[in-house]
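Peer 1:
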Amino acid sequence: MPELEVLRERLGPLLSGREVAAVEVSPRHGFMLRVTPDDLTGALTGRPIDGMWRRGKFLVLDSGGNHLVINPMLGGRLQYAPAGERVAAATVFRLQLEGGDDLRFLDTVRMGRVYLAAAGGLDSVPGWSELGPEAVDISAADFATRIRRHRGELKSVLRNQSFVAGIGNAYSDEILHDAGMLPLRKRTTLDAAGVETLQASTRSVLTGAVAAIAAQPGWVAHKQDRSFMRVHGRGGEACPRCGHRISELTAQQRVTSFCRGCQT
Ligand SMILES: [Zn+2]
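Under this note's numbering, the first residue of the sequence shown carries the number 14, and numbering increases by one thereafter.
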């Protein structure tokens with residue numbers, strides 16, 4: 014969520030009101046779109062972009078009543094570039110904007126998901142209708158009520174988009190480190206104070222990350238710099254809170270990082 018939130022803040026104003034002069038879909042990578050190149054081109058060409066917004070881990074571009082819905086997953090990136098700039102090999106599609114700039118979608122690992130939904134049709138996007146409240150906005154009371162339905166490991170609960178929307182693999186590690194809770198700990202072991210701590214950490218980690226990303230002096234839309242993270246991806250390093258060596262587990266190609274010294 015934090016990366017997408019900064020993208021929305023920065024790119025939204027650049028895109029709003031701009032007409033899409035042409036759409037180009039890569040013949041090599043276009044297969045990964047959940048929309049045909051013809052439908053994408055037909056829906057967007059010659060129309061202005063009305064705005065950009067975010068819901069959970071989806072970024073949405075509105076145009077002429079249609080919604081272009083992008084879930085970048087691990088490797089998807091949006092690039093805003095002058096039309097003449099070299100097109101990167103990983104570019105999946107580019108929207109050529111009137112006035113000479115491009116919005117490009119790149120994906121080095123081809124896991125990203127791009128959908129086109131008609132007006133009122135966002136529920137056709139897989140997972141959309143099940144999205145819970147935004148993780149960063151939910152009240153402590155609502156968080157406490159909703160989490161009762163989820164009995165599994167804390168990391169899985171946080172990443173469950175139907176519980177709260179917007180938390181992925183990396184941020185679940187950061188939140189649990191902040192809360193001092195082990196990722197595989199069962200939700201059922203948390204008392205009321207523990208649930209409160211988890212909600213507070215959820216909010217502070219996500220808002221802190223948005224601020225950290227927005228403050229990066231070298232920020233560009235398509236580069237991701239997560240050097241502000243305290244535990245995720247730092248296996249083997251010293252924990253910034255207690256100095257203990259950070260542990261790392263890999264399951265289903267996802268890294269989980271945590272500290273046995275200060276997470277219980
Ligand atoms: Zn620690």
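Where is the CB? At the ideal position from N, CA and C, for every residue including glycine.
1. Could you check if GLY179 is buried or exposed, using at least 16 other CB atoms within 10 Å of its CB as the buried criterion?
2. Do the stretch 53 to 60 and the stretch 68 to 83 meet, that is, are 3 or more Cβ pairs less than 8 Å apart?
3. Thinking ALA29 and ILE62 are a contact (beta carbons under 8 Å), I'd like their distance in whole angstroms, please.
4. Could you check the C-alpha separation between ALA183 and GLY246 for me, to the nearest Å?
5. Can you tell me the Cβ-Cβ gap for GLU37 and PHE118, rounded? I've got them flagged as a contact below 8 Å.
6. Buried or exposed: where does VAL127 fall if 16 or more other Cβ atoms within 10 Å of its Cβ makes it buried?
7. Return the first residue and the last residue of the alpha helix (DSSP H) that GLN92 is part of.
8. Please classify ILE188: does DSSP put it in a helix, a strand, or coil?
9. Which one of ASP186, ALA148, LYS236 and ALA154 has the shortest CA to CA distance from GLU166?
10. Under three-state DSSP, which class holds LEU262?
11. Would you mind working out which of CYS272, ALA96, ALA264 and GLN237 sits nearest GLY248, comparing C-alpha positions?
12. Tell me whether ARG254 counts as near ligand 1, meaning its Cβ is closer than 7 Å to at least one heavy atom of that ligand.
13. Indicate whether CYS252 and GLY274 have their beta-carbon atoms separated by less than 8 Å.
14. Which residues bound the beta strand (DSSP E) around SER76?
15. From the DSSP output, which residues share a beta bridge with ASP115?
16. From the DSSP output, which residues share a beta bridge with LYS199?
17. Would DSSP call VAL48 helix, strand or coil?
18. Hey, how far is the Cα of THR277 from the Cα of ARG267?
19. State the Cα-Cα distance for the pair GLY145 and VAL177, rounded to the nearest angstrom.
20. Please work out which residues of its chain come closer than 6 Å, Cβ to Cβ, to LEU17, disregarding the five sequence neighbours upstream and downstream, and give them in chain order.
21. Determine the closest residue to VAL65 out of GLU22, MET194, SER137 and ALA228, with distance taken between C-alpha atoms.
22. Looking at ASP191: is its Cβ nearer than 8 Å to the Cβ of VAL218?
23. Is DSSP giving ILE83 helix, strand or coil here?
Peer 2: Let me lay it out:
1. Buried, because 16 or more other Cβ atoms sit within 10 Å of the Cβ of GLY179.
2. Yes: the two stretches touch, three or more of their Cβ pairs being nearer than 8 Å.
3. Looking at the sequence itself, residue 29 is Ser, so the reference to Ala does not match. Rounded, the Cβ-Cβ distance is 6 Å, consistent with contact.
4. A straight-line Cα-Cα distance of about 8 Å links ALA183 and GLY246.
5. A Cβ-Cβ distance of about 11 Å is found for the pair GLU37 and PHE118, leaving them out of contact under the 8 Å criterion.
6. By the neighbour-count rule (16 or more Cβ atoms within 10 Å), VAL127 is buried.
7. GLN92 -> not in any alpha helix (DSSP H); beta strand (DSSP E) instead, spanning 89 to 95.
8. Helix.
9. Cα-wise, what sits closest to GLU166 is ASP186.
10. If DSSP states are grouped into helix, strand and coil, LEU262 belongs with the strands.
11. Answer by Cα proximity: CYS272.
12. Within the chosen limit of 7 Å, ligand 1 reaches the beta carbon of ARG254 through at least one heavy atom.
13. Contact: yes.
14. Counting along the chain, the beta strand (DSSP E) containing SER76 begins and ends at 71 to 76.
15. The partner list for ASP115 (beta bridge, DSSP) reads ALA94 and GLN109.
16. For LYS199, which the question treats as bridged, DSSP gives the partners GLU166.
17. In the three-state scheme derived from DSSP, where H, G and I count as helix and E and B as strand, VAL48 is classed as coil.
18. As the crow flies, the alpha-carbon of THR277 is around 21 Å from that of ARG267.
19. CA-to-CA, the gap between GLY145 and VAL177 works out to about 5 Å.
20. Answer for LEU17: ARG67 and LEU72, listed in chain order.
21. Looking at the sequence provided, one finds Met at residue 65 rather than Val. Of the listed residues, the one whose Cα sits closest to MET65 is GLU22.
22. Yes, the pair counts as a contact, with Cβ atoms nearer than the cut-off.
23. Secondary structure at ILE83: strand, using DSSP grouped into helix, strand and coil.
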